[in-house]
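Here it is in structure tokens:
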């Protein structure tokens, strides 16, 4: 699991990063928790704060 978590961090999925979700749009990651079901709490501009399981979230890091 550590290799997966490391690749997530390298791909920009860390606290403070901006991301795009196919359904919820653009948001800012406010919290990331690790473990086998790593989750991110994201403040989306249009729908507010959502907590998503990173494995299934289909997040695209924004530069």
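In my numbering, the protein residues as written are -3 to 59. C-beta atoms are modelled at their ideal positions from N, C-alpha and C, and glycine is treated no differently.
Item	Value
Residue from 30, 31, 20 and 26 with nearest C-alpha to residue 38	26
For residue 40, the first and last residue of its enclosing beta strand (DSSP E)	35 to 40
Cα-Cα separation between residue 30 and residue 51, rounded to whole angstroms	11 Å
Length of the line joining the Cα atoms of residue 49 and residue 42	19 Å
Whole-angstrom C-beta distance between residue 19 and residue 68, which should lie under 8 Å	Residue coverage of the chain in this structure runs from -3 to 59, which leaves residue 68 outside it and unanswerable.
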